[in-house]
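One structure below.
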Amino acid sequence: MNNTIKELWHGNIMPQSDRRNSTPEMKELLGYISRHHEDLLKTMTEEQKEIFEKFEDCWSEYASLSDADLFEYAFKLGMNLAIEVIS
3 MNNTIKELWH GNIMPQSDRR NSTPEMKELL GYISRHHEDL LKTMTEEQKE
53 IFEKFEDCWS EYASLSDADL FEYAFKLGMN LAIEVIS
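This note's numbering numbers the first residue of the sequence shown as 3 and each following residue consecutively.
Listed below in structure tokens is the structure:
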């Protein structure tokens, strides 16, 4: 267990980049998202594209904060479960 803690501390384990989006359903949805994104951009004016880019930037920042919050919650939940098992 100590090795995992060291690896996490030194940045060798990066949960935020180890996404589990390899299920067929997730791959299919990512394909739809990509296709609809491209189709949407084709129909936009330059001004609309700039607004949409700002929206995407905000959404990306929100998703990053949400992922960090979810990781923290899940980590704490896991530790509480471990403490209960040991107690």
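Cβ atoms here follow ideal geometry from the backbone N, Cα and C, with glycine treated the same way. Remember, it's a predicted structure, so these values are computed and weren't measured experimentally.
Check	Outcome
Taking the runs of the alpha helix (DSSP H) that are 4 residues or longer, which of them lie wholly in the region 14-86?	26-45
Tell me which residues share the same chain as residue 77 and place their Cβ nearer than 6 Å to its Cβ, disregarding the 5 neighbours each side in the sequence.	none
Please go through the same chain and pick out, in chain order, the residues whose beta-carbon is closer than 7 Å to the beta-carbon of residue 14, but skip the five residues on each side of it.	none
Check this for me: beta carbons of residue 73 and residue 17, under 7 Å apart or not?	yes
Have a look at residue 49 and residue 82 and give me their C-alpha separation to the nearest angstrom.	50 Å
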